[in-house]
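Peer 1:
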Amino acid sequence: MSPEIEVNLTLNLEGLLCPIPVVKVSKAVKDLPIGGVLEATATDPGVLADIPAWARTTGNEVIKIEREGKLVRFLLRKLN
Amino acid sequence: MENSVDGVTIIMFSGDMDKVMAAFNIAIGAAASGKETNMFFTFWGLKAIQKGNLTGKSFFGRMMGLMNRGGISRIGPSRFNFWGIGRWMFNQMMKNHKITPLAELRQTAIDLGVKLLPCQMSMEVMEIRKEDFIDEVQPACGVATMLEMAYRSKATLFI
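Protein sequence lines, in the order shown, are assigned to chains A and B.
So the mapping is simple: our numbering equals the position in the first sequence, first residue as 1, plus 751.
So the mapping is simple: our numbering equals the position in the second sequence, first residue as 1, plus 8.
Encoded structure:
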């Protein structure tokens, strides 16, 4: 979706509901190097609010989060 | 005492399935955001960390163990339980909507480092021994320990 940004890890969160998407994202981000980028897709619309909230709490950056029909796709950069 | 640790403390007083589910959800969210998360289980809440065997020593204690039997798969919702029919219905609905079952939610919390602490006083009153709890439960403690956790936390919830 953003060819200029290099993605280090992709995650499929489709069909998962709160609080599991946040758990999987936090686990995946642990394995990323600082500055690394995670790309994920989800179907839970709650993710639209929850991933930015999680990123603010943990000090990481949401590069992009958007809805594509039933899918929510987001890019997250690990900052610490 | 260490200063604020930016954590979350949850006092689990209720043993109702819906409230236990909400509490584990919150604990998981906090732990996944890197917060030190402690859950203090007291009174009916103890049921959520029991293995589910019969408990009690005295007559009243055994009556309590029988009528208020613990175990996370045995607890019912706070409303519409109807002697277990409501619990069954809720579990079916949760399955249909692919919601994580309660026992799995508890395990996720444990895996994320959420500490589960039982209240010693409630254990004495209800005649529940530490052997009646799942293995991951921490040693029993009292109000001073719970308050110390609360003072150190930025959020404390009584559920």
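Note that CB positions come from ideal geometry on N, CA and C, so glycine has one too.
This one's a predicted model, so the numbers in the text were calculated from it and none came from an experiment.
Grab the span of the alpha helix (DSSP H) containing Ile-756 (chain A) for me, first residue to last.
Peer 2: Taking the first sequence and counting its residues from 1, the one referred to as residue 756 (chain A) is at position 5. Careful: Ile-756 (chain A) lies outside any alpha helix (DSSP H) and carries neither H nor E.
Peer 1: Kindly indicate if chain A contains any beta-carbon less than 7 Å away from that of Ser-22 (chain B).
Peer 2: For the purposes of this step, residue 22 (chain B) is taken as the residue at position 14 of the second sequence. By this cut-off, Ser-22 (chain B) is not an interface position.
Peer 1: The alpha helix (DSSP H) that contains Lys-775 (chain A), what's its start and end?
Peer 2: As a working note, residue 775 (chain A) is residue 24 in the first sequence. Its alpha helix (DSSP H) spans residues 771-781.
Peer 1: Spell out whether any CB of chain A is found under 7 Å from the CB atom of Asn-33 (chain B).
Peer 2: The sequence position of residue 33 (chain B) within the second sequence is 25, counting from 1. Interface residue, yes.
Peer 1: From Lys-815 (chain A) to Glu-44 (chain B), what does the alpha carbon distance come to, in whole angstroms?
Peer 2: Taking the first residue of the first sequence as position 1, residue 815 (chain A) is located at position 64. Taking the first residue of the second sequence as position 1, residue 44 (chain B) is located at position 36. Taking the straight line from one Cα to the other gives about 28 Å.
Peer 1: Under 9 Å Cβ-Cβ, which residues of chain A neighbour Ser-41 (chain B)?
Peer 2: Counting from 1 along the second sequence, the entry for residue 41 (chain B) is found at position 33. Simply Val-773, Ser-777, Ala-804, Trp-805, Thr-808 and Thr-809.
Peer 1: Just the chain B side, please: which residues come within less than 8 Å of Leu-743 (chain A) by C-beta, in chain order?
Peer 2: The structure shown has nothing for residue 743 (chain A), since chain A only spans 752 to 831.
Peer 1: Between the beta-carbon of Ala-38 (chain B) and the beta-carbon of Val-13 (chain B), is there less than 7 Å?
Peer 2: Within the second sequence, the letter at position 30 stands for residue 38 (chain B). Within the second sequence, the letter at position 5 stands for residue 13 (chain B). For Ala-38 (chain B) and Val-13 (chain B), no; Cβs fall outside 7 Å.
Peer 1: At the level of alpha carbons, what is the spacing between Leu-789 (chain A) and Gly-92 (chain B)?
Peer 2: As a first step, residue 789 (chain A) must be located in the first sequence, where it is residue number 38. As a first step, residue 92 (chain B) must be located in the second sequence, where it is residue number 84. If you take the alpha carbons of Leu-789 (chain A) and Gly-92 (chain B), they lie about 43 Å apart.
Peer 1: When burial is assigned at 16 or more other CB atoms within 10 Å of the CB, is Trp-52 (chain B) buried or exposed?
Peer 2: For this step, residue 52 (chain B) is matched to residue 44 along the second sequence. Buried is the call here.
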